[in-house]
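Comments concern the structure below.
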Amino acid sequence: MSDVSSKAEATAAGRAAPAGGTKMATNRADLVPPGSRMTVDFATILGLIGGFGMIFAAMSISGSSAAFLDVPSVLIVVGGTFAVTLVCYSLRDMLRSREVIGNVLLRPARNAQSAAVWMLHLAEIARAKGVLALENGLADMRREPFLHKAVQMVVDGSPAEEVERIMRQEMAATAMRQTQTAGMLRKAAEVAPAMGLIGTLVGLVQMLGRLSDPSSIGPAMAVALLTTFYGAVLAYMVFAPLASKLERNMGEDQMVSQIYLIGAASIARQEHPRRMEMQINTVLPPAQRIDLFD
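Counting from 47, one number per residue, gives the positions in the sequence shown under the numbering used here.
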């Protein structure tokens, strides 16, 4: 088992089993899951800042950026998009989606390969010291609710079949919430350009109704053009990219949860870690598969 521990340590950058022969450490530091640390998604933040920065730079270079600010246009696009999206969903759904959207920018540092190596380390501890030894790390697993629940069930002595059944239901419920939030963002991306078009029609009607007053043509035309601009920006620079990133994160989260599920069920069955490794490798992409056993 010591060879496996040393390989796991090299693969997971020190997060796997510690060295020291066959003696398995069970202190809390060895039981902290890799997803307990929160990380900022700098790619999303840099992308949003870069995109809006280019637009603002173009506004400033071409003329006064204040000309692109129009309160009626903002009300039509932002308020209209929120209202129409609310018609498609419920207020509870929209309020509940805030946490899911927030996880796009700040989320646990999950990595499928690290999670796999770490679960093998837990299996070694459970095999050497018993399942109850995992109880020392339950407090540090609370930032990973799925993992915490699975390991808690194993420590409590739940059968492997029950652990699999309950945790698969948990995975399905989580995926449904994330899919609903992604759908909400997609719907908002569809509605925003439509609200921009509605604002354009409102501005054109105002402009045509006041052709006798040249001073009113400018403000009315501003509403007509800026609402289309705001709608396109919200749809293609905010809502659609966030929906795509959320869907990308969903796939990663589902893979990590599947690894946790396989590991917890294997530990509950008291299987050899080698068997767990074989099962986990069926989930991992070929480039990320692990080989800790000779």
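Glycine residues also receive a C-beta, built at the ideal position from the N, C-alpha and C atoms.
Within the DSSP secondary-structure output, residue 153 pairs in a beta bridge with 85.
Taking a C-beta distance under 8 Å as the contact criterion, residue 297 and residue 119 do not qualify as a contact pair. Fully contained in the stretch 117 to 149 are the following alpha helix (DSSP H) runs of length 4 or more, in chain order: 117 to 120, 126 to 134. Residue state for residue 220 is assigned as helix, using DSSP reduced to three classes. Shortest Cα-Cα distance from residue 278 to any of 288, 302, 241 involves 241. Note that the stretch 324 to 335 does not touch the stretch 278 to 288; fewer than 3 beta-carbon pairs, one per stretch, sit closer than 8 Å. Taking C-beta atoms under 8 Å as the contact rule, residue 227 and residue 143 qualify, at a distance of about 4 Å.
The Cβ-Cβ distance between residue 158 and residue 248 does not fall below 8 Å. In terms of Cα proximity to residue 238, the closest of 283, 197, 337, 252 is 283. By the criterion of a C-beta distance shorter than 6 Å, residue 114 is surrounded in its chain by 105, once the five residues flanking it on both sides are discounted.
By the Cβ neighbour-count rule, residue 230 is buried, with 16 or more other Cβ atoms within 10 Å of its own. Across the set 333, 320, 309, the C-alpha of 309 shows the shortest separation from the C-alpha of residue 192. In the DSSP annotation of this structure, the continuous segment of the alpha helix (DSSP H) that includes residue 276 starts and ends at 260 to 280. If the five residues before and after residue 232 are omitted, its C-beta is found closer than 8 Å to the C-beta atoms of 285, 286, 289, all from its own chain and listed in chain order.
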